[in-house]
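Notes follow the structure.
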Amino acid sequence: MLDQTRKPLVRVRDLKMHFPIHAGLLRRRVGEVKAVDGISFDVMEGETLGLVGESGCGKSTCGRAVLRLYDITSGEISIDGREIGALSQGKLRPIRPTMQMVFQDPQASLNPRMTVEAIIREPLDEHTKLSAAEKRDKVAELMDAVGLNRNFAKRYPHAFSGGQRQRIGIARALALNPKFIVCDEPIAALDVSIQAQVVNLLEDLQEQFGLTYLFISHDLSMVRHIATRVAVMYLGKIVELAPREALYRDPLHPYTKALLSAVPEPDPALARSTERVILKGDVPSPSNPPKACNFCTRCPAVMDICKQIDPEYQEVQPGRFVACHLHTDPTTTAG
Amino acid sequence: MSDLTQPVIATPAPAKIRSQWWDVWAQFRTHKGAVFGLGFLIFITLFVTIGPWLWTVEPGKLDIRNKDVRPIYQVLFDSNAKVSWNHPMGTDNLGRDIMANIMQGGRISLAVGWTAMILAVFIGTLIGVLAGYFRKADGLLMRFTDLVLALPLLPLLLVMMLLFRDPLRASFGPENGIFILIVVGIGITSWMQTARIVRGDVMALKEREFVLAARSIGTPSRRIITRHLLPNVLSPIMVSATLGLATAIITESALSFLGLGFPSDFPTWGKILFDSVDRMTAFPERVIWPGLAISLTVLAVNYIGDGLRDALDPKIRGL
Numbered sequence: 000m001l002d003q004t005r006k007p008l009v010r011v012r013d014l015k016m017h018f019p020i021h022a023g024l025l026r027r028r029v030g031e032v033k034a035v036d037g038i039s040f041d042v043m044e045g046e047t048l049g050l051v052g053e054s055g056c057g058k059s060t061c062g063r064a065v066l067r068l069y070d071i072t073s074g075e076i077s078i079d080g081r082e083i084g085a086l087s088q089g090k091l092r093p094i095r096p097t098m099q100m101v102f103q104d105p106q107a108s109l110n111p112r113m114t115v116e117a118i119i120r121e122p123l124d125e126h127t128k129l130s131a132a133e134k135r136d137k138v139a140e141l142m143d144a145v146g147l148n149r150n151f152a153k154r155y156p157h158a159f160s161g162g163q164r165q166r167i168g169i170a171r172a173l174a175l176n177p178k179f180i181v182c183d184e185p186i187a188a189l190d191v192s193i194q195a196q197v198v199n200l201l202e203d204l205q206e207q208f209g210l211t212y213l214f215i216s217h218d219l220s221m222v223r224h225i226a227t228r229v230a231v232m233y234l235g236k237i238v239e240l241a242p243r244e245a246l247y248r249d250p251l252h253p254y255t256k257a258l259l260s261a262v263p264e265p266d267p268a269l270a271r272s273t274e275r276v277i278l279k280g281d282v283p284s285p286s287n288p289p290k291a292c293n294f295c296t297r298c299p300a301v302m303d304i305c306k307q308i309d310p311e312y313q314e315v316q317p318g319r320f321v322a323c324h325l326h327t328d329p330t331t332t333a334g
Numbered sequence: 000m001s002d003l004t005q006p007v008i009a010t011p012a013p014a015k016i017r018s019q020w021w022d023v024w025a026q027f028r029t030h031k032g033a034v035f036g037l038g039f040l041i042f043i044t045l046f047v048t049i050g051p052w053l054w055t056v057e058p059g060k061l062d063i064r065n066k067d068v069r070p071i072y073q074v075l076f077d078s079n080a081k082v083s084w085n086h087p088m089g090t091d092n093l094g095r096d097i098m099a100n101i102m103q104g105g106r107i108s109l110a111v112g113w114t115a116m117i118l119a120v121f122i123g124t125l126i127g128v129l130a131g132y133f134r135k136a137d138g139l140l141m142r143f144t145d146l147v148l149a150l151p152l153l154p155l156l157l158v159m160m161l162l163f164r165d166p167l168r169a170s171f172g173p174e175n176g177i178f179i180l181i182v183v184g185i186g187i188t189s190w191m192q193t194a195r196i197v198r199g200d201v202m203a204l205k206e207r208e209f210v211l212a213a214r215s216i217g218t219p220s221r222r223i224i225t226r227h228l229l230p231n232v233l234s235p236i237m238v239s240a241t242l243g244l245a246t247a248i249i250t251e252s253a254l255s256f257l258g259l260g261f262p263s264d265f266p267t268w269g270k271i272l273f274d275s276v277d278r279m280t281a282f283p284e285r286v287i288w289p290g291l292a293i294s295l296t297v298l299a300v301n302y303i304g305d306g307l308r309d310a311l312d313p314k315i316r317g318l
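Line by line, the protein sequences give chains A and B.
Quick note, the first sequence lines up with residues 0 to 334 if you use numbering that gives the first Met the number 0.
Quick note, the second sequence lines up with residues 0 to 318 if you use numbering that gives the first Met the number 0.
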């Protein structure tokens, strides 16, 4: 269970990331894609917060916005006690070593014209004043740490397999001894046999270096394996955030229930007995979300109030947050 | 995990790490055309630089008695041909030695070609990268590119020549002044294709995740451009550079032909070619030699560019 005395390393409050849509002859702003629309969460030091949701719900945008790879629309982000939500990119530069990212596609996230050594060395070039020999040693250490043969330092990324490339990306993220790493679907592009290796590597490194992860994924079983707490996103908002065991045992939000019921069950007897919740319809467009609850168009337990009032995101049980009228105070929903 | 890698490190003595440029050269050598091209380019460069010291005939010297001498190989077809070992490639209608002229002209043509090409590629790459990378500059820079592209180039060059020829001559001397004018003129009127190609490639590249990764490390824009974008747009730049060299040599010829390039007693390959067009049927060698020099140089540079592009791509290099 969650240790309440631990302090949050990352604190996100009401983060919004809207991308403008320009159209027409004069490229006037006609609307915006609300990729992330007011989310709040904490990531405790040393924990792994899993962020799950279907494609296009804003998971990756959320991860990138937290690292300020975008200029966010509004909200507060503080990492390690420093507020970074409104800093300029230039002022952010000295803080960058604290927070790093592992990308989804190991093919696209490595520059094809750079050797492995140059790729892993880039953060050192940018933020340290080590000599060339010291950098070489550090790169070799990092390659050992992620399980790459250090003789391959002079090779180019195309000569490696997907899993090895992802290790290169992880070594690059580790180079500056960060505290917080956003893993943006680090295993989605990998073979199933390699996924486990990479996830185990991430766990080992977490133990070794005391890392904190924001682990973005759509693979619920993998999140169950690695995460301490899990946040479920739907259409730019967090609908439920709970400790792993509680969430998988007893999901509160109807969307979480539907999501969990879609996880394949290996036991055929059990699979036949459990009832799948199948959602109807499509996800509404993030440029034009429903007026009240985002999920009201597809929710199997929809009520009248869901179409009028956006449910508050609040703590309903210790450590469990949910945004649903089914679980909010009955005095407000009784009406 | 690290236990697994230990024995691998221990067993083979770490292979001597070759320099990256050695690998580039090894790949370059496998491209036959490029090797021939490089050989020819070295040959022609030596021919025009060292040649005039060995072949000491004055290129501008008139020798009316020895005018219209045919090249030496003409005896093979026609035993009565007027040939002389003093003029192995023959002379023109004023008795100037063609070989000396081609050497002297090659110096100018190659110098103009290379300098103008480098200038054009530099401007084109700069504008292309800025327009592609900084969205705010894109509209302005690309409309400016369209503007220059829409200008009729030859009249523009003619106006430039008329306006700036005399002040430049006065300050840099007649030959250097004209050289600067021609190089700058060609350079600033032929960068647009490069700029467009580079802009397109940069726009595609900057959305790739490795650029995002560099931003997440905190790499500033100028180093993202030099470290991540430029090496990846090298191939199109190389292609437009080789084509640019050819265009520059040909544009210089056209300008000389119109009487607005170098002065008339100042040979360039293009000028020799145009001067000889009138009597091409009687003396085909006078167009063949400079024409061959131009086209072989262009071809050689094209092949070198091709080979270099392959050699600089780690994927093709097979590392």
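From the three backbone atoms N, C-alpha and C, an ideal C-beta is built for every residue, glycine too.
Every value quoted in this text rests on a predicted model; they were computed, and no experiment measured them.
Compile a chain-ordered list of the residues in the region 141-159 of chain B whose CB is closer than 8 Å to at least one CB of chain A. none
Grab the span of the beta strand (DSSP E) containing A/Thr211 for me, first residue to last. 211-215
Would you report the Cα separation of A/Phe208 and A/Val145, rounded to the nearest angstrom? 12 Å
Exposed or buried, what is A/Tyr233 when buried is set at 16 or more other beta-carbons lying within 10 Å of its beta-carbon? buried
A/Phe356 - containing alpha helix (DSSP H), residue span: Since the first residue shown for chain A is 0 and the last is 334, residue 356 of chain A is missing from the structure and cannot be characterised.
Residue(s) in a DSSP beta bridge with A/Ile76: A/Val11
Strand pairing of B/Val182, partner residues [DSSP]: Bridge partners of B/Val182 according to DSSP: none are assigned.
Let me know if A/Arg63 comes out buried or exposed under the rule of 16 or more other beta-carbons within 10 Å of its beta-carbon. buried
Whose Cβ in chain A lies nearer than 7 Å to the Cβ of B/His227? Asn110
Taking A/Arg92 as the query, report the chain B residues whose CB atoms sit under 7 Å from its CB, ordered along the chain. Gly217
By Cβ distance, which residues of its chain are closer than 7 Å to A/Cys298, with the 5 residues on each side in sequence left out? Pro253, Cys305
Given a threshold of 16 other Cβ atoms within 10 Å of its Cβ, counted over all protein chains shown, does A/Met302 qualify as buried or as exposed? A/Met302 is exposed by the Cβ-count criterion.
Note down the Cα distance separating B/Met224 from A/Gln103, rounded to an integer number of angstroms. Looking at the sequence provided, one finds Ile at residue 224 of chain B rather than Met. Near 23 Å, if we compare the C-alpha coordinates of A/Gln103 and B/Ile224.
Assumed close pair B/Ala310, B/Val111 - CB separation to whole angstroms, cut-off 8 Å: Contact between B/Ala310 and B/Val111 fails: their C-beta atoms lie close to 27 Å from each other, not under 8 Å.
Rounded to the nearest angstrom, how far is the Cβ of A/Lys15 from that of A/Gly74, given a contact under 8 Å? 5 Å
Alpha-carbon spacing of A/Met113 relative to A/Arg120, whole angstroms: 10 Å
Segment limits, alpha helix (DSSP H) that includes B/Leu139: 134-149
Would you say A/Met0 faces chain B, with C-beta separation under 8 Å as the test? Caution applies to A/Met0, whose pLDDT of 45 falls short of 50 and renders its modelled position unreliable; the value that the coordinates give is listed next. At a cut-off of 8 Å between beta carbons, A/Met0 makes no contact with chain B.
Taking the DSSP output, what are the residues bridged to A/Gln99? A/Ile180
Against B/Pro313, what residues of chain A qualify as contacts under a CB-to-CB distance less than 9 Å, listed in chain order? Pro111, Arg112, Met113, Thr114, Arg154, Tyr155, Pro156, His157, Ala158
Which residue's Cα is closest to the Cα of A/Val101: A/Arg81, A/Gln88, A/Leu50, A/Gly168? When A/Arg81, A/Gln88, A/Leu50, A/Gly168 are compared, the shortest CA-CA separation from A/Val101 is found for A/Gly168.
A/Ser108: first and last residue of the uninterrupted beta strand (DSSP E) it sits in: Taken as a continuous stretch (DSSP letters only), A/Ser108 belongs to no beta strand (DSSP E), as it is neither H nor E.
What did DSSP end up calling A/Thr47 once you bin it into helix, strand or coil? strand
Where B/Asn231 meets chain A, residues with beta-carbon distance less than 8 Å: Asn110, Pro111, Arg112
Between which two residues does the alpha helix (DSSP H) containing A/Ile193 stretch? 191-208
Check whether the region 186-201 of chain B and the region 146-159 of chain B are in contact - that is, three or more C-beta pairs closer than 8 Å. Three or more beta-carbon pairs separated by less than 8 Å link the region 186-201 of chain B to the region 146-159 of chain B, which places the two stretches in contact.
Note the first and the last residue of the continuous beta strand (DSSP E) segment covering A/Ala291. Per DSSP, A/Ala291 belongs to no beta strand (DSSP E) and is neither H nor E.
Apart from the five residues on each side of it in sequence, which residues of its chain come closer than 6 Å, Cβ to Cβ, to B/Ile122? Sequence-distant partners of B/Ile122 (beyond 5 residues in either direction) whose C-beta falls short of 6 Å from its own C-beta, in its chain, are Trp190.
Which listed residue (A/Pro96, A/Gly52, A/Gly55) has its alpha carbon closest to that of B/Arg214: A/Pro96
I need the boundaries of the alpha helix (DSSP H) containing A/Val229, first residue and last residue. That residue, A/Val229, is in no alpha helix (DSSP H); its beta strand (DSSP E) goes 228-233.
Under 8 Å Cβ to Cβ from B/Ile249, same chain only, skipping five residues before and after it: list those, please. Gly269, Ile293
Buried or exposed by the 16-neighbour rule on C-beta atoms within 10 Å, applied to A/Leu246: buried
Let me know if B/Thr280 comes out buried or exposed under the rule of 16 or more other beta-carbons within 10 Å of its beta-carbon. exposed
For B/Glu57, does the three-state DSSP call read helix, strand or coil? coil
Is the shortest distance between the beta-carbon of A/Met364 and the beta-carbons of chain B less than 8 Å? Summary: the structure shown does not reach residue 364 of chain A, with chain A confined to residues 0 through 334, and so no result is reported for it.
Check whether the Cβ atoms of A/Val115 and A/Ala152 sit closer than 8 Å, and answer yes or no. yes
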